[in-house]
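Per my numbering, the very first residue in the sequence shown carries number 3; after that it's consecutive.
Note that CB positions come from ideal geometry on N, CA and C, so glycine has one too.
See below for the structure under consideration.
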Amino acid sequence: GKLENLKIEIDTNNVCIVDVSEVRWRDQGDFESGSYHMYYSGGESAERGVTIVIQKWIKKRIIKVQACSDRLMYMKLNAEPVDILIMQVYMPTSDHDDEEVEIIYEKIEEIIRTEGRGKVQTIIMGDWNSVMGKGAENNIVGPHGLGIRNRRGNMMVDFCRRNGLVITNTWFKKHHRILRLYTWKSPGDRSRYHIDYILVKQRFRNSVKGVRTVPSADIDSDHNMLV
Numbered sequence: 003g004k005l006e007n008l009k010i011e012i013d014t015n016n017v018c019i020v021d022v023s024e025v026r027w028r029d030q031g032d033f034e035s036g037s038y039h040m041y042y043s044g045g046e047s048a049e050r051g052v053t054i055v056i057q058k059w060i061k062k063r064i065i066k067v068q069a070c071s072d073r074l075m076y077m078k079l080n081a082e083p084v085d086i087l088i089m090q091v092y093m094p095t096s097d098h099d100d101e102e103v104e105i106i107y108e109k110i111e112e113i114i115r116t117e118g119r120g121k122v123q124t125i126i127m128g129d130w131n132s133v134m135g136k137g138a139e140n141n142i143v144g145p146h147g148l149g150i151r152n153r154r155g156n157m158m159v160d161f162c163r164r165n166g167l168v169i170t171n172t173w174f175k176k177h178h179r180i181l182r183l184y185t186w187k188s189p190g191d192r193s194r195y196h197i198d199y200i201l202v203k204q205r206f207r208n209s210v211k212g213v214r215t216v217p218s219a220d221i222d223s224d225h226n227m228l229v
């Protein structure tokens with residue numbers, strides 16, 4: 003099934019922590035599966051949902067796990083040299099009002115203020131349903147985006163500016179034949195977009211050595227795995 007495929011790809015790509023959007027699981031909770039532990043945050047209906055998957059040895063490092071909604075959750079880990087705050091977000095599509103998007107941004111900012119204070123490495127991952135487009139934007143957006151920035155992309159840039167964040171996967175050049183830029187393709191593969199991003203604090207940007215998509219990963223999704 004989808005979960006077993008995900009576990010295989012985690013092993014193949016040598017990843018310790020994976021965040022997933024749109025898992026379509028109800029309610030909130032956690033469970034073990036093989037050498038992994040899954041923490042998830044869903045709703046009353048199996049429509050949205052986010053999850054953070056960790057290797058079981060990381061469990062002893064957990065300070066806090068919080069399921070906020072079927073679009074947002076976070077995990078704080080005790081680590082060296084600094085603690086790590088990981089958030090997983092699943093932003094509404096363009097069919098939803100901007101106000102709904104702003105509410106989620108406000109909640110993320112609240113988490114940053116309360117859990118990301120001091121020397122904490124903040125990492126925010128997910129399906130942002132925003133297009134950054136080509137062209138750099140100060141020290142926030144790099145030159146290796148895809149497409150044309152849309153309104154939600156502008157909202158995301160403003161959010162990053164307010165909170166001192168950098169959109170990491172726009173800063174790394176990929177060979178167009180080997181490591182493709184797009185993270186999502188529309189039904190029928192009629193068009194391809196870059197809407198999944200990994201954000202970190204500007205002060206920790208040099209700790210990110212590379213970000214790439216893995217189109218070959220079989221995770222039963224119209225999104226490419228981003229590592």
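Does the separation of the CB atoms of residue i and residue j fall below 8 Å?
| i | j | result |
| --- | --- | --- |
| residue 122 | residue 155 | no |
| residue 34 | residue 51 | no |
| residue 72 | residue 118 | no |
| residue 26 | residue 49 | yes |
| residue 58 | residue 76 | no |
| residue 202 | residue 125 | yes |
| residue 157 | residue 99 | no |
| residue 2 | residue 102 | Any question about residue 2 goes unanswered here, given that the chain covers just 3 to 229. |
Give the C-beta separation of residue i and residue j to the nearest angstrom, bearing in mind that I take them to be a contact with Cβ-Cβ under 8 Å.
| i | j | result |
| --- | --- | --- |
| residue 89 | residue 74 | 7 Å |
| residue 55 | residue 12 | 7 Å |
| residue 204 | residue 147 | About 18 Å separates the two Cβ atoms, so there is no contact after all. |
| residue 60 | residue 19 | 7 Å |
Only counting the same chain, and skipping five residues up and downstream in sequence, which positions put a Cβ closer than 7 Å to that of residue i?
| i | result |
| --- | --- |
| residue 159 | 139, 142, 143 |
| residue 69 | 30, 43, 75 |
| residue 63 | 79, 80, 81 |
Residue i lies in the alpha helix (DSSP H); which residues open and close that run?
| i | result |
| --- | --- |
| residue 161 | 153-165 |
Excluding the five sequence neighbours on either side, which residues of its own chain have a C-beta within less than 8 Å of the C-beta of residue i, listed in chain order?
| i | result |
| --- | --- |
| residue 6 | none |
| residue 150 | 133, 135, 136 |
Please list, in chain order, all residues of the same chain as residue i whose beta carbon is under 6 Å from its beta carbon, the five residues on each side excluded.
| i | result |
| --- | --- |
| residue 86 | 79, 123 |
| residue 91 | 74, 128 |
| residue 161 | 107 |
| residue 41 | 32, 54, 67 |
Along the beta strand (DSSP E) that carries residue i, what are the first and last residues, could you check?
| i | result |
| --- | --- |
| residue 31 | 30-35 |
| residue 197 | Unbroken run through residue 197: none, as it is neither H nor E. |
| residue 60 | It is not in any beta strand (DSSP E) - residue 60 carries neither H nor E in the DSSP assignment. |
| residue 19 | 19-23 |
Let me check you understand the geometry: is the CB of residue i closer than 7 Å to at least one non-hydrogen atom of the ligand PLP?
| i | result |
| --- | --- |
| residue 149 | Looking for the ligand PLP in the displayed structure turns up nothing, as the structure carries no ligands at all. |
| said: Please give me, in chain order, every unbroken run of the beta strand (DSSP E) with length at least 3 that falls completely inside the region 83-147. | reply: 85-92, 122-129
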